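Here the sequence shown stands for residues 1330 to 1493, numbered as in the working numbering.
Glycine included, C-beta positions come from ideal geometry on N, C-alpha and C.
Remember, predicted model here, so these are calculated numbers, not experimental data.
Data first, discussion second: the structure below is written as structure tokens.
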Amino acid sequence: MEKIIEIDLKNQNDLTEKYNKNSLSKEMIEYLVKQTILIEKNEKIKIIINKKCDTDVETTKLVKQGLQEEFDKNLLEHHKNNIKQIIFLILGIIFIFLSTLIKEGVIWKEILLISGWVPIWEMIELELFSDVAGRRKRRIIKKLLQSEIIERNLKKDKEFIKNS
């Protein structure tokens, strides 16, 4: 089966960032990701862009480039989360190990033990929430990058019909 996503461009600002005409807008990326959230793995995507305005931008190339940049940004964030998780794990292990070395002073032993579990739980929280959401978004963007993009210039089609 095929999932069709239609995008109507009324002006160039619907497609590009306000301050950078060479970059796909964040709203467009969020819209595309939101439209494909419930798609199955074996389902194909077709993106149809209905241009109702004159744009000097190559739409298909810009969409692919913007999705690739979002994928790369998400992958970089994933790597940063992995580094944070390793640091939290090492800190947690160090504090828990230090708590086992203390024989006297029950309060300090308990403080170190609790201080060791806090970063470990933070590491688990990063894995459960941030990484899962990021992995899902990367899968969706990868599917969008492999999709077929069709451009329709409706403004020129209307002018052609009027002149005929």
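Item checked: Top-ranked residue by Cα proximity to residue 1449, from 1468, 1463, 1418, 1433 -> Minimum Cα distance to residue 1449 is reached at 1418.
Notebook entry, point to check: According to DSSP, is residue 1433 helix, strand or coil?
Noted result: When secondary structure is reduced to three states using DSSP, residue 1433 falls in the coil class, being assigned neither helix nor strand.
Next item on the list: Could I get the ranges of all uninterrupted alpha helix (DSSP H) runs contained in the region 1368–1454, with 4 residues as the minimum, in chain order?
Entry: 1388–1430, 1435–1454
Note to self: Here's the rule: buried if 16 or more other CB atoms are within 10 angstroms of the residue's CB, otherwise exposed. What is residue 1424?
What the structure shows: buried
Check: Which value, in whole angstroms, describes the spacing of the CA atoms of residue 1337 and residue 1405?
Finding: 31 Å
Notebook entry, point to check: residue 1366 by DSSP, collapsed to three states: which one?
Noted result: coil
Next item on the list: Leaving out five residues on either side along the sequence, give the residues of the same chain with a beta carbon under 6 Å from the beta carbon of residue 1421.
Entry: 1445, 1448, 1449
Checklist line | For residue 1481 and residue 1380, believed in contact at Cβ under 8 Å, the rounded distance | finding: 7 Å
Check: Taking all protein chains shown into account, do 16 or more other C-beta atoms lie within 10 angstroms of the C-beta of residue 1436, making it buried, or fewer, making it exposed?
Finding: exposed
Notebook entry, point to check: Under a three-way DSSP split, which group does residue 1496 fall into?
Noted result: This structure does not reach residue 1496, given that the chain is present from 1330 up to 1493, and the question cannot be answered.
Item checked: Simplified DSSP state of residue 1342, which is helix, strand or coil -> helix
Notebook entry, point to check: Could you give the C-beta distance for residue 1472 and residue 1365, rounded to a whole number, given that I count them as a contact under 8 Å?
Noted result: 6 Å
Item checked: Neighbourhood of residue 1344 by C-beta, 6 Å cutoff - its chain only, sequence neighbours within 5 removed -> 1338
Item checked: residue 1426 versus residue 1432 - alpha carbon distance -> 12 Å
Notebook entry, point to check: What residues in its chain sit with their C-beta under 6 Å from that of residue 1378, if we drop five residues either side in the sequence?
Noted result: 1336, 1388, 1480
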